[in-house]
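These protein sequences, in sequence, are chains A and B. Okay, so the first sequence: first residue is 112 according to our numbering, each after it adds one. Okay, so the second sequence: first residue is 112 according to our numbering, each after it adds one. To keep things clear, I will list the structure first and then write my remarks on it.
2 protein chains.
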Amino acid sequence: MKILVADDDPQLVRALRITLSAHGYDVVAAPDGAAAVTLAAQAHPDIVLLDLGMPRLDGVEVIHALRGWTSAPIIVVSGRTGSADKVEALDAGADDYVTKPFQIDELLARLRALSRRTGAGPDAPVVTFGDVAIDLATKSVTRGGQRVHLTPTEWRMLEFLARNPGALVTRQTLLKEIWASDQVSDSGYLRLYMSQLRKKLEPDPAQPRHLLTESGMGYRLVRDA
Amino acid sequence: MKILVADDDPQLVRALRITLSAHGYDVVAAPDGAAAVTLAAQAHPDIVLLDLGMPRLDGVEVIHALRGWTSAPIIVVSGRTGSADKVEALDAGADDYVTKPFQIDELLARLRALSRRTGAGPDAPVVTFGDVAIDLATKSVTRGGQRVHLTPTEWRMLEFLARNPGALVTRQTLLKEIWASDQVSDSGYLRLYMSQLRKKLEPDPAQPRHLLTESGMGYRLVRDA
DNA sequence: GCATGGCCGTAGGGAAACCGTAAGGAAGCC
DNA sequence: GGCTTCCTTACGGTTTCCCTACGGCCATGC
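As structure tokens, then:
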């Protein structure tokens, strides 16, 4: 479980890094808003811990930037206690708002509550089709009980499709989700990785039954054939 | 959006009922823990607002009871500010914890954030006619439960008609919507794709019952024949 | 009654866009 | 250094779109 800590207070970051690491989290840190956005695009954290009032880019702007391409949980940690600040951050797309100073065990409990909720996703914690099971909480894929190994990019693609089962996902959306790129140009990435996924998950990759193509639009994951 | 308010303070319940109703929520209230559990089982609320420290059944017990059968979001509202209470409630299955006294707009923002996360918003827009169902959110069309494949242009045309059910849509409007062209010249595109749609969706394409032609004007989608 | 013209539905074919897959090199990690 | 992963390119097959043509229906007018 990778967590991005964005705060301009080195001492707090250091304390959080120690505590979170001790609880099994994989911590990456950014000292300001701009760094947080770029680092998030690189590292693809599962959770974001975000300070408001950072230099170079305001916290709310960071939320907007992140929400442009990811739905990872965002917890705002801030010294501002006014309800206006809270409302602004939450409506921008944050999931929770904790005011400093805070008890570390409360923060950990809120992290647990949030991962419980998002791991469960819109529908179920485990999305299945055919003999394939996708566990969104543990990020693991099995086929006929056997573990299937996916590369990070393959997983990101499959995860997004699995979180919207049955829905058509446009090329543009997938590109934005996986590469955080605004360019619409399809250089063949999607076709490539979809080919890989089908090779690993479909009984007959040449005639896919669950990872379907909608020509001219995008892709769709369907449970039943 | 139905919300269950469980609190033993009649004055607070009254205030919440007024405010929440004004913001479009459908409010049901319970004065103690036992009543909250039974009422939840009856009314199936989409969100639960729960006080700790209620008579007859402790708040944490209520959470456990609810989590036995529902995954609806639970926000705890409590006067207890200790982190031990928060951790206990969150780990029992609550999604958020707000301490009294609280600002009502903060509570509303947290409600919005939570419904955004759980997708408990307004129901997915689905337009149906005959045995055909058009899901605008997932861009999928079914006929008698069977998936129907549409090309991008076919979908754009059907989508626009489905978004204006019963209304007459002029040729000019459709041309502009689908091809973004200002030219009014009908080269036969519309007739072409309407023919395709009828072939795929109408029981008898020769005698359409839902995708109707208004001679000299345009087309119209009607639900009942 | 019959020809005429406007409007509509349908079929077919060529062109363009789109998609799947293989192979190879570059970059990063252990 | 070996391995994995990512990016890039190229090519053949498929889907989709565009365009044209033809026949049916209806109202009008002779």
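The beta carbon of each residue, even a glycine, is placed where N, CA and C say it ideally should be. For clarity, every value in this text was computed on a predicted model and none was experimentally measured.
Is any beta-carbon of chain B found at less than 8 Å from that of Q214 of chain A?
Interface criterion met: the Cβ of Q214 of chain A is under 8 Å from a Cβ in chain B.
Which one of A:T264, A:A224, A:T229 and A:E270 has the shortest CA to CA distance from I245 of chain A?
Of all alpha-carbon atoms in A:T264, A:A224, A:T229 and A:E270, the one lying nearest the alpha-carbon of I245 of chain A is that of A:E270.
Is DSSP giving K197 of chain A helix, strand or coil here?
In the structure shown, the three-state DSSP call for K197 of chain A is helix.
Going by DSSP, what residue range makes up the alpha helix (DSSP H) through E172 of chain B?
Following the DSSP letters along the chain, one finds E172 of chain B inside the alpha helix (DSSP H) bounded by residues G170 to R178.
I174 of chain A versus Y330 of chain A - alpha carbon distance:
If I take the Cα positions, the gap works out to 28 Å.
Check whether the segment 146-166 of chain A and the segment 197-214 of chain B touch, using three or more Cβ-Cβ pairs below 8 Å as the test.
No, the segment 146-166 of chain A is not in contact with the segment 197-214 of chain B.
In whole angstroms, what is the alpha-carbon distance linking L150 of chain A and R125 of chain A?
Taking the straight line joining both Cα atoms gives about 18 Å.
Separation of L272 of chain A from I114 of chain B, as counted between CA atoms:
The C-alpha of I114 of chain B lies about 31 Å from the C-alpha of L272 of chain A.
Which whole runs of the alpha helix (DSSP H) in the segment 229-311 of chain B are 4 residues long or more, in chain order?
If we require 4 residues or more, the alpha helix (DSSP H) runs fully inside the segment 229-311 of chain B come out as 263-274 and 282-290.
Whether V138 of chain B touches V171 of chain B by CB criterion (8 Å)
No.
Which residues, in order along the segment 188-212 of chain B, keep a beta-carbon less than 9 Å from a beta-carbon of chain A?
Cβ contacts with chain A come from G193, S194, A195, K197, V198, E199, A200, L201, D202, G204, A205, D206, D207 and Y208.
Provide the residue span of the alpha helix (DSSP H) that contains T130 of chain A, from first to last.
P121 to A133 is the span of the alpha helix (DSSP H), which, as asked, contains T130 of chain A.
Under the rule that 16 or more other beta-carbon atoms within 10 Å means buried, what is I289 of chain B, buried or exposed?
Result: buried.
Of all Cβ atoms in chain B, is any one closer than 8 Å to the Cβ of T149 of chain A?
For T149 of chain A, the answer is no, since every Cβ of chain B falls outside 8 Å of its Cβ.
Quick one: what's S226 of chain A bridged to in DSSP?
Note: S226 of chain A sits in no beta bridge, so no partner.
If we call anything under 8 Å between Cβ atoms a contact, is M165 of chain A one with G144 of chain A?
Yes, they are a contact pair.
Between L279 of chain A and chain B, is there a C-beta pair that is closer than 8 Å?
Yes, contact with chain B.
Run of the beta strand (DSSP E) containing A117 of chain A, from where it starts to where it stops
K113 to A117 is the span of the beta strand (DSSP E), which, as asked, contains A117 of chain A.
Coarse secondary structure for D202 of chain B, derived from DSSP in three states:
D202 of chain B falls in the helix class under three-state DSSP.
Please report how far the alpha carbon of H260 of chain B lies from the alpha carbon of V252 of chain B, in whole angstroms.
The straight-line gap from Cα to Cα measures roughly 7 Å.
Would you verify that the beta carbon of R167 of chain A is, or is not, closer than 8 Å to some beta carbon of chain B?
When Cβ-Cβ separations below 8 Å define contact, R167 of chain A makes no contact with chain B.
Identify each residue in the segment 244-268 of chain B for which the Cβ-Cβ distance to at least one residue of chain A is less than 9 Å, and report them in chain order.
Under the 9 Å Cβ criterion, the segment 244-268 of chain B contributes D246, A248, T249, K250, S251, R258, H260, L261, T262, P263, T264 and W266.
Expected contact under 8 Å - CB spacing of A147 of chain A and L161 of chain A to nearest Å
Yes, A147 of chain A and L161 of chain A are in contact; Cβ-Cβ is about 7 Å, under 8 Å.
Assigned exposure category for E337 of chain A - 16 Cβ within 10 Å defines buried
No information on residue 337 of chain A is available, as it lies outside the stretch 112 to 336 that chain A covers here.
Applying the 10 Å Cβ sphere with the 16-neighbour rule, what's the burial state of W180 of chain B?
Looking at its Cβ environment, which holds fewer than 16 other Cβ atoms inside 10 Å, W180 of chain B is exposed.
Based on Cα-Cα distance, which residue from B:T239, B:D216, B:M112 and B:A152 lies nearest to D335 of chain B?
Per the Cα distances, B:T239.
The beta strand (DSSP E) enclosing L150 of chain B, as first and last residue numbers:
Unbroken run through L150 of chain B is the alpha helix (DSSP H), G144 to A154; no beta strand (DSSP E).
Starting from S189 of chain A and walking both ways along the beta strand (DSSP E), at which residues does that stretch end?
First-last of the beta strand (DSSP E) with S189 of chain A: I185 to S189.
Length of the line joining the Cα atoms of P314 of chain B and T249 of chain B
The straight-line gap from Cα to Cα measures roughly 24 Å.
Which residues bound the beta strand (DSSP E) around D162 of chain A?
Per DSSP, the continuous beta strand (DSSP E) segment holding D162 of chain A begins and ends at I158 to D162.
CA-to-CA distance, H321 of chain A to I129 of chain A, given in whole angstroms
Just so you know, the alpha carbons of I129 of chain A and H321 of chain A end up roughly 43 Å apart.
State the Cα-Cα distance for the pair G255 of chain A and K211 of chain A, rounded to the nearest angstrom.
For G255 of chain A and K211 of chain A, the distance between alpha carbons rounds to 48 Å.
What residues of chain A sit near A220 of chain B, judged by a beta carbon separation below 7 Å?
Chain A residues near A220 of chain B: K197, V198, L201 and D202.
Considering only residues of the same chain and omitting the five flanking positions on each side of W266 of chain B, which have a CB-CB separation below 7 Å?
Around W266 of chain B: K250.
Would you list the residues sitting across from D335 of chain A in a DSSP beta bridge?
D335 of chain A is not bridged by DSSP to any residue.
One question on the structure: do L332 of chain A and P263 of chain A come within less than 8 Å of each other, judged by their Cβ atoms?
Cβ distance not < 8 Å, so L332 of chain A and P263 of chain A don't count as in contact.
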